[in-house]
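Before any comments, here is the structure.
Protein chains: 4
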Amino acid sequence: MATATLTSDKRQAIMDATLELVSKHGFEGTSTALIAKEANVGMGTLYRYFETKEELFKEMFIHQREQLLGIILSGIVGGETTIYGQFSAIVHALGRFYMAHQVEFEFLQRYSDSSYMKESYLDDSAIILAPIANILSSGGEDFRFKALPTHIIFAMVYGPMISIIQLVHQEKVSMTDEMLDSITRSLWNSITEKKTPSEM
Amino acid sequence: MATATLTSDKRQAIMDATLELVSKHGFEGTSTALIAKEANVGMGTLYRYFETKEELFKEMFIHQREQLLGIILSGIVGGETTIYGQFSAIVHALGRFYMAHQVEFEFLQRYSDSSYMKESYLDDSAIILAPIANILSSGGEDFRFKALPTHIIFAMVYGPMISIIQLVHQEKVSMTDEMLDSITRSLWNSITEKKTPSEM
Amino acid sequence: MATATLTSDKRQAIMDATLELVSKHGFEGTSTALIAKEANVGMGTLYRYFETKEELFKEMFIHQREQLLGIILSGIVGGETTIYGQFSAIVHALGRFYMAHQVEFEFLQRYSDSSYMKESYLDDSAIILAPIANILSSGGEDFRFKALPTHIIFAMVYGPMISIIQLVHQEKVSMTDEMLDSITRSLWNSITEKKTPSEM
Amino acid sequence: MATATLTSDKRQAIMDATLELVSKHGFEGTSTALIAKEANVGMGTLYRYFETKEELFKEMFIHQREQLLGIILSGIVGGETTIYGQFSAIVHALGRFYMAHQVEFEFLQRYSDSSYMKESYLDDSAIILAPIANILSSGGEDFRFKALPTHIIFAMVYGPMISIIQLVHQEKVSMTDEMLDSITRSLWNSITEKKTPSEM
DNA sequence: CATGAATGAGAATTCATTCAT
DNA sequence: CATGAATGAATTCTCATTCAT
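Next comes the structure, spelled out in structure tokens:
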């Protein structure tokens, strides 16, 4: 006997359909009628679970962002003991996940650039930056992070990741394990500097 | 009596209004009626100068992209003789321009992510990557570029620049000359590696 | 509780309003907003039942033409055994129906002359001429049809009918049974000739 | 030295362009901008000669109808001495002219069926019927016109002529002199009846 | 709870008409 | 007189949202 689901089947079907359609046609190109049809529910049902179209998108964005945060955290708490190990785990996890999940990635991108993303409480940084900042404050033995604001350190890793994942989705490059390793090292180099012997 | 202007006043007023409004409300959030009102022209005038709303956006995008390319090229042909000098000039020029021109920056970002940007000939990379690729192929004395596809090398510079410029516009960080210098060096580090003495 | 109607009430209301308005103001003079208002439905409802304004007109035309064909056929299969009897039945049926149904008549006329009527498969002649041609090929005992193309024979009956029906609608003449009989005989005379005794 | 023209060149150019365009695209499909362009005049010029688009069409219609009347009268006053000779001259003149002048014919037809033709003073009949009625009242030696209203007699000739001319323009039939003779006799038969010997 | 027909405000686009040059 | 850029009301069509069944 199936136990009651936390999120009802219909609700989930709507979210799945929305993810798929928005990633394909964008927010304005995706009508509520289309979502309902793709999710095999009536229009009224959609409005039972989500107050407005905008609210649906917002909830989905929050959900996707939680997923993103989970990926980042899994890298941090994963078992790697060195800072670089954790950094590498995060970059690899992010890259692998979003390269394989184009619709989720495109949804996040489209939302971030759309006019929907105006309310500040939706801001990534507060949530995502916290664990990062934590790492940055912890010292390393033979390196130090650049003397730049945490936001910028984050942007210097996240920015290139986004651009590169887009390239993969556009099939302009195909990613290999070696390339991802190399990219990881490069990004690490861009945000750290070696301590001079006298500092050690 | 006013002399005839090369690009009509009305046409320019429409483009100015569009830039402003799209950067604020996005493409779908900006109606032609609003553009016409903001530009102080009648609806019909807009359609005298631009065949459709979509055409208006495309023309503006092409114009903005030419500006972007101009900035990049000006860094290359600017007078710097070393590769790093040129790289630095480009990063500084890009950063300074788009930090100071939020509406132009946001227009470009929104267009690139919108469904308007589907026609492949609008693709930046072909145009913008050419001069970059040229630099990469030229050797340096004591460094070499990472063995990564040109697209990725480009993404590792352009990606963080975009993210950082956004941070500045969101007023999450304020950029100083020292920071921009530091960022430039970091990005350079991320895409190059030192030759070992034996290679020199 | 009202039972489901075969053709929805709203759809029928839209078609009724269209017939009325188009016959009065013509196609271009009849806006979709006006049709919706007259039919007591929202604008969106019109577009639920008909893809475009043009499609609405086409569907209505096809419907009206079927009615016309039905009238002609009913004259042919009606029970009259002589050729003249059938001819007379058709002319009387056509005349009576369209004199009494001005809006249907005017809709047909307007559509036939409008630029909507460009698609060749909408051409009456193929459909309407078939039963006529059939009659013409059958011989009579003491008459023969003029040696003119079927199209022209048809035009020599249909053309005057149209003109006369218009006169009635304009109230320039009022039609009596005797007049219709007289007209029927006249039209018959115009398309047939008596066989000479030697041919009989 | 050219004498002042009764109708200015520009005015005539506008009317020529209108005739051509309306016969091709219909009234609503012909914009004033298109007319001005085709006539090689500015938009303002059009409005110097004609108060409104509607007025332009009306004046053109009146002009075309005068032409039609001229053709009919030329048949009457042409030299034919018998009634049938005059009738035949009219039918032939009408047929030949409008088969050769499709644009003029279509303009007349479109106008008659359009919503422009609402003002009763534009009514053909008053003008065109007068000379016809005159003929009908004159007796013949061995025939008499059917006892039907003049309007209907007229419709029984004009109606089929219109339908047949349309067939020619649609290239569904090609008209020969013999066919036109035959049609003329048929139409004559349809509106007259032979006097019996005792009546002569 | 689920449905989808109905709604109407709002969007892009056209075009007859005007008027400053 | 001639011009054509400028105008904005009007038109067709879409789609987020509601509500009777």
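Protein chains in written order, with our numbering: chain A, 1 to 200; chain B, 1001 to 1200; chain C, 2001 to 2200; chain D, 3001 to 3200.
Every residue, glycine too, gets a C-beta built ideally from N, C-alpha and C.
Remember, it's a predicted structure, so these values are computed and weren't measured experimentally.
Determine the burial state of residue i: buried for a count of at least 16 other Cβ atoms within 10 Å of its Cβ, exposed for fewer.
i	result
S2186/C	buried
E2054/C	exposed
I3183/D	buried
G1159/B	buried
D2177/C	exposed
D2009/C	exposed
T82/A	exposed
K146/A	buried
A3036/D	buried
V1091/B	buried
V3168/D	buried
V2157/C	buried
V2077/C	exposed
A39/A	buried
A2/A	In this prediction, A2/A has a pLDDT of 46, which is less than 50 and means its spatial position is unreliable; nothing more can be read from the coordinates.
Y1130/B	The question names Tyr, but residue 1130/B in the sequence shown is Ala. With fewer than 16 other Cβ atoms within 10 Å, it is exposed.
S23/A	buried
S2163/C	buried
A4/A	The pLDDT assigned to A4/A is 48, lower than 50, so where the model puts this residue is not dependable, and the model offers no usable value.
M3200/D	In this prediction, M3200/D has a pLDDT of 49, which is less than 50 and means its spatial position is unreliable; nothing more can be read from the coordinates.
Contact defined as beta carbons within less than 8 angstroms: I believe residue i pairs with residue j. What is the distance between those atoms, to the nearest angstrom?
i	j	result
F27/A	Y84/A	Actually they are not in contact, since the Cβ atoms of F27/A and Y84/A sit about 39 angstroms apart, beyond 8 angstroms.
L180/A	G95/A	6 angstroms
G2201/C	Q2086/C	Here chain C covers residues 2001 to 2200 and nothing more, so residue 2201/C does not appear.
M2289/C	M2175/C	Within the shown structure, residues of chain C are numbered from 2001 to 2200, placing residue 2289/C beyond reach of any answer.
H1151/B	V173/A	5 angstroms
For the candidate residues the options, whose alpha-carbon lies nearest to that of residue i?
i	options	result
R2011/C	G2042/C, L2046/C, S2031/C	L2046/C
L3021/D	H3092/D, R3110/D, G3042/D, T3150/D	R3110/D
S190/A	M43/A, H169/A, V77/A, I153/A	I153/A
A155/A	W188/A, S137/A, S174/A	W188/A
E171/A	I1135/B, P1149/B, S1163/B	P1149/B
S3031/D	M3060/D, S3137/D, T3018/D	T3018/D
F61/A	S137/A, H151/A, D113/A	D113/A
T108/A	V41/A, K58/A, L167/A	As written in the sequence, residue 108/A is Leu, which differs from the Thr given in the question. The option with the nearest alpha carbon to L108/A is K58/A.
E3193/D	H3063/D, L3129/D, R3144/D	R3144/D
A1133/B	F1050/B, I1072/B, Y1049/B	I1072/B
A2033/C	M2015/C, M2043/C, H2025/C	M2043/C
I135/A	M15/A, S88/A, A39/A, E38/A	S88/A
F97/A	K195/A, Q166/A, D16/A, S137/A	Q166/A
R1048/B	I1014/B, D1142/B, S1137/B, A1093/B	I1014/B
D1016/B	E1051/B, I1128/B, L1056/B, T1052/B	L1056/B
D2142/C	K2195/C, I2128/C, E2051/C, I2127/C	K2195/C
Q1064/B	I1128/B, E1051/B, G1029/B	I1128/B
Who does residue i pair with in a DSSP beta bridge?
i	result
R3144/D	E3193/D
Please indicate yes or no: does the CB of residue i lie closer than 7 angstroms to some heavy atom of the ligand PLP?
i	result
F3087/D	In the structure shown, the ligand PLP is absent, as is every other ligand, since no ligand is present at all.
| query | Between the segment 1056 to 1073 of chain B and the segment 1090 to 1108 of chain B, do at least 3 Cβ pairs fall closer than 8 angstroms? | reply | Yes, the segment 1056 to 1073 of chain B is in contact with the segment 1090 to 1108 of chain B.
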